[in-house]
Amino acid sequence: MTNQGIQFPKFYVTAASPCPYIDGQEERKVFTELQGPEAEALNEALGKVGFRRSQTVVYRPACESCAECVSVRVLAKSYKPSRSQRRIAKLNSDLTVEVRPPVTTDEQFDLLTRYLGARHADGSMAGMTREEFDDMVESSPVQTVQFEYRKALTGDLVAVALTDELSDGLSMVYSFFEPEAERRSIGTYLIHDHIMRAANANQPHVYLGYYVKDSPKMSYKSRFKPLERLGPNGWYPFD
15 MTNQGIQFPK FYVTAASPCP YIDGQEERKV FTELQGPEAE ALNEALGKVG
65 FRRSQTVVYR PACESCAECV SVRVLAKSYK PSRSQRRIAK LNSDLTVEVR
115 PPVTTDEQFD LLTRYLGARH ADGSMAGMTR EEFDDMVESS PVQTVQFEYR
165 KALTGDLVAV ALTDELSDGL SMVYSFFEPE AERRSIGTYL IHDHIMRAAN
215 ANQPHVYLGY YVKDSPKMSY KSRFKPLERL GPNGWYPFD
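The working numbering numbers the first residue of the sequence shown as 15 and each following residue consecutively.
Here it is, written out as structure tokens:
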């Protein structure tokens with residue numbers, strides 16, 4: 015007898031709420047829990063059809079009147095950085111990177127607090143407590159790591175990327191950085207670095223979450239090429 019609870023997880027739909035990306039729209043999400051010995055396999059399977067992980071939940075948009083959120087992933091082994099992306103990589107060549115387990119530190123939380131205050135003071139994560147930060151990072155039922163980016167000369171923490179390690183690449187869950195590092199285009203550099211790491215490990219993909227054409231918060235993802243988008247019949251070239 016098979017365990018139908020594992021084979022067919024229960025899905026739920028959230029109530030409508032204001033869309034954080036497009037003014038005047040409402041969002042709904044369909045989600046299920048990741049738990050038990052099948053959590054890793056379930057996360058992998060659902061990730062390939064557009065779900066994203068947050069702590070012990072995976073979700074995807076299920077909006078009634080909008081389909082602007084599009085799952086995208088970079089083909090890491092064919093990545094062709096633009097002139098601007100190569101310049102940004104050179105600008106950040108003074109940073110060192112350490113791969114750490116998903117365990118929080120006071121230093122990380124201080125950086126996150128500065129980042130949210132400067133970049134997302136009116137967002138849903140503003141005022142995040144240490145306990146909430148701990149849950150975001152440490153409540154992972156799958157293989158997850160943190161990449162810490164530091165200045166080589168001073169050891170100052172510049173950025174942190176929370177990333178899931180998948181069988182076919184990397185999935186960027188959440189990242190934050192020193193607000194003053196914006197002049198480094200650090201957000202772009204974090205993605206570039208993940209793509210290069212996946213390519214060097216002979217992994218095909220880096221999952222970037224959702225692209226939203228009319229949202230400056232999400233449209234930047236189209237700059238990384240070659241890019242694939244998820245459609246009704248699977249993944250196909252973005253362009």
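Glycine included, C-beta positions come from ideal geometry on N, C-alpha and C.
Subject >> Glu-78 versus Ile-205 - alpha carbon distance >> reply: Within the sequence shown, residue 78 is the residue found at index 64, counting from 1. Within the sequence shown, residue 205 is the residue found at index 191, counting from 1. Straight-line Cα distance between these residues: approximately 31 angstroms.
ask   = Between Gln-69 and Arg-114, which are expected to be in contact by the criterion C-beta below 8 angstroms, what is the C-beta distance as a whole number of angstroms?
value = Mapped onto the sequence shown, residue 69 falls at position 55. Mapped onto the sequence shown, residue 114 falls at position 100. About 18 angstroms separates the two Cβ atoms, so there is no contact after all.
Q.
Count Cβ pairs between the stretch 189-203 and the stretch 117-126 that sit closer than 8 angstroms; are there 3 or more?
A. With a cut-off of 8 angstroms, the stretch 117-126 and the stretch 189-203 count as touching, because enough Cβ pairs lie within range.
Would the beta-carbon of Tyr-221 fall within 7 angstroms of that of Arg-87? Taking the sequence shown and counting its residues from 1, one reaches residue 221 at position 207. Taking the sequence shown and counting its residues from 1, one reaches residue 87 at position 73. Cβ atoms of Tyr-221 and Arg-87: closer than 7 angstroms.
- Query: Does DSSP put Ala-166 in a helix, a strand or coil?
  - Reply: Working through the sequence shown from its first residue, we reach residue 166 at position 152. Looking at Ala-166 - three-state DSSP - the assignment turns out to be coil, as it is neither helix nor strand.
Using a Cβ-Cβ cutoff of less than 8 angstroms, which residues in the same chain neighbour Asp-149 once the five nearest sequence positions on both sides are dropped? The sequence position of residue 149 within the sequence shown is 135, counting from 1. Excluding sequence neighbours, Asp-149 sits near Gln-69.
Open item on the list: Three Cβ pairs or more, each shorter than 8 angstroms: is that satisfied between the stretch 154-172 and the stretch 221-233?
Closed with: Three or more Cβ pairs closer than 8 angstroms define a contact, and the stretch 154-172 falls short of that threshold against the stretch 221-233.
#### Entry: Alpha-carbon to alpha-carbon, Lys-165 and Glu-196
Residue mapping note: residue 196 aligns to position 182 of the sequence shown, counting from 1. Residue mapping note: residue 165 aligns to position 151 of the sequence shown, counting from 1. Between Glu-196 and Lys-165, the C-alpha separation is close to 14 angstroms.
Does DSSP classify Phe-191 as helix, strand or coil? The sequence position of residue 191 within the sequence shown is 177, counting from 1. The answer is strand: DSSP assigns Phe-191 an E or B state.
DSSP beta-bridge partners of Asp-178:
Residue numbering aside, residue 178 sits at position 164 when the sequence shown is read from its first letter. Thr-158, Ser-185.
Self-check item: Contact under 7 angstroms by Cβ, Ser-229 with Tyr-93
Solution: If you number the sequence shown from 1, residue 229 lands on position 215. If you number the sequence shown from 1, residue 93 lands on position 79. Not in contact: Ser-229 and Tyr-93 (Cβ atoms no closer than 7 angstroms).
request  = In angstroms with no decimal places, state the Cα-to-Cα distance between Arg-213 and Asp-207.
outcome  = Position 199 of the sequence shown, counting from 1, holds the residue named residue 213. Position 193 of the sequence shown, counting from 1, holds the residue named residue 207. Inspection of the sequence shows that residue 213 is occupied by Ala rather than by Arg. Straight-line spacing of the CA atoms in Ala-213 and Asp-207 works out to 10 angstroms.
Can you give me the start and stop residues for the alpha helix (DSSP H) that Val-151 sits inside?
-> By 1-based counting over the sequence shown, the position of residue 151 is 137. For Val-151, the enclosing alpha helix (DSSP H) covers residues 144-152.
Quiz item: Anyone know if the C-beta pair for Ala-182 and His-134 falls short of 7 angstroms?
Solution: Here residue 182 refers to the residue found at position 168 when the sequence shown is read from its first residue. Here residue 134 refers to the residue found at position 120 when the sequence shown is read from its first residue. Going by the sequence as given, residue 182 is Asp instead of Ala. No, the pair does not count as a contact, with Cβ atoms beyond the cut-off.
message: Give me the DSSP bridge partner(s) of Pro-32.
response: Position 18 of the sequence shown, counted from the start, is the residue given in the question as residue 32. Glu-40.
Review point. Is it a yes or a no for the stretch 100-115 touching the stretch 233-241, going by three-plus beta-carbon pairs under 8 angstroms?
Key: With fewer than three CB-CB distances shorter than 8 angstroms, the stretch 100-115 does not count as touching the stretch 233-241.
>> So the candidates are Gly-141, Lys-231, Ala-53; which of them puts its Cα closest to the Cα of Phe-22?
In response: Walking along the sequence shown from the start, residue 22 turns up at place 8. For Phe-22, the closest of Gly-141, Lys-231, Ala-53 by C-alpha to C-alpha distance is Ala-53.
Alpha carbon of Thr-28 to alpha carbon of Arg-198, nearest angstrom
Locating residue 28 in the sequence shown gives position 14, where the first residue counts as 1. Locating residue 198 in the sequence shown gives position 184, where the first residue counts as 1. The straight-line gap from Cα to Cα measures roughly 37 angstroms.
Practice problem: Give the secondary structure of Phe-45 by DSSP, where H, G and I count as helix, E and B as strand, and everything else as coil. | Solution: To locate residue 45, count along the sequence shown from 1; it is residue 31. In this structure, Phe-45 counts as strand in the three-state DSSP scheme.
Proximity below 7 angstroms, CB of Glu-47 to CB of Ser-31:
Position 33 of the sequence shown, counted from the start, is the residue given in the question as residue 47. Position 17 of the sequence shown, counted from the start, is the residue given in the question as residue 31. No. Outside cutoff.
Note to self: So, under 8 angstroms CB-CB, Ala-103 and Tyr-203 are touching, yes? Tell me the CB distance rounded to an integer number of Å.
What the structure shows: By one-based count along the sequence shown, residue 103 stands at place 89. By one-based count along the sequence shown, residue 203 stands at place 189. Indeed, because the Cβ distance is near 6 angstroms, the residues count as touching under 8 angstroms.
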